[in-house]
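Numbering (our numbering), first residue to last: 10 to 268. Each residue gets a CB set at the ideal place from its N, CA and C atoms; glycine is no exception. All figures in this text were calculated on a predicted structure; none of them were measured in a lab.
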């Protein structure tokens, strides 16, 4: 029977097709696993960066609260010199605000770097996957090319969604920092007005105390001393005038009535 050979080959062909399908599915499963792994690594990296920023801002908040606590303590506030009052903003508040802006900028750079690395690694993994699918030869070349195009579109769509989420996060952080700077400036200006008021009030109070103090008031002992000094000065003046008149009497012509 001329078909006996064909009949003997058909089971082998079917088995080969099954093996190719299994290997094809394994390659696709490996691709899905690698893609998910890379996405998890990228998400973990971003989460770590965001967590570090959150911790840094929390520490900055505590430090700012400590550095501006003087606002609510009149006894400490009034003791500040002009330079110390200025440094509260220039060296404490403004420094913290600049640092926080830098941290947010660095977060943006870190996230962008992570996204770039992830896209490059996914592109490499996809290229290997396409090569493996072509080698298995279960699907046609056209099917493999369509798979590659669809996978690339999915990667780009995910990347776009991630960028949108990060952009929204950065926008919220920067908006919050703008509001924080406005709030800190308002509090500082109010404290500065309070500082000037306290310094003026203390100056007036100290002057009033000085005027009312024993050093500036006349007590009986001081009045007696003052009277004695005045009497001594009168006596000294009278004595000086007497000596002058006596001297003048000795001058020629003084006794004749000529002046």
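Cβ neighbour criterion (16 or more within 10 Å) applied to residue i
| i | result |
| --- | --- |
| residue 131 | buried |
| residue 233 | exposed |
| residue 138 | buried |
| residue 31 | exposed |
| residue 182 | buried |
| residue 51 | buried |
| residue 55 | buried |
| residue 26 | exposed |
| residue 150 | exposed |
| residue 8 | No information on residue 8 is available, as it lies outside the stretch 10 to 268 that the chain covers here. |
Distance between beta carbons of residue j and residue i, contact taken as under 8 Å
| i | j | result |
| --- | --- | --- |
| residue 124 | residue 171 | 6 Å |
| residue 196 | residue 77 | 7 Å |
| residue 164 | residue 128 | 7 Å |
| residue 142 | residue 153 | 5 Å |
| residue 97 | residue 79 | 7 Å |
| residue 238 | residue 83 | That belief does not hold up - the Cβ atoms of residue 238 and residue 83 are roughly 45 Å apart, past 8 Å. |
Under the three-state DSSP convention, the category residue i falls into
| i | result |
| --- | --- |
| residue 175 | helix |
| residue 37 | helix |
| residue 89 | coil |
| residue 82 | coil |
| residue 104 | helix |
| residue 283 | Since the first residue of the chain shown is 10 and the last is 268, residue 283 is not available in this structure. |
| residue 248 | helix |
| residue 255 | helix |
| residue 148 | coil |
| residue 77 | coil |
Chain-order list of residues whose beta-carbon lies under 6 Å from that of residue i (same chain, five-residue window excluded)
| i | result |
| --- | --- |
| residue 160 | 135 |
| residue 116 | 58 and 62 |
| residue 101 | 76 |
Sequence-distant residues of its chain with Cβ nearer than 8 Å to residue i (five each side left out)
| i | result |
| --- | --- |
| residue 106 | 186, 189, 190 and 193 |
| residue 1 | Limits of the chain in this structure are 10 at one end and 268 at the other, which puts residue 1 out of reach. |
| residue 167 | 48 |
| residue 204 | 86, 87, 89 and 94 |
| residue 66 | 109 and 112 |
| residue 198 | none |
Cβ neighbours of residue i in the same chain (closer than 7 Å, five flanking residues each side left out)
| i | result |
| --- | --- |
| residue 145 | 29, 32, 33 and 36 |
| residue 72 | 105 |
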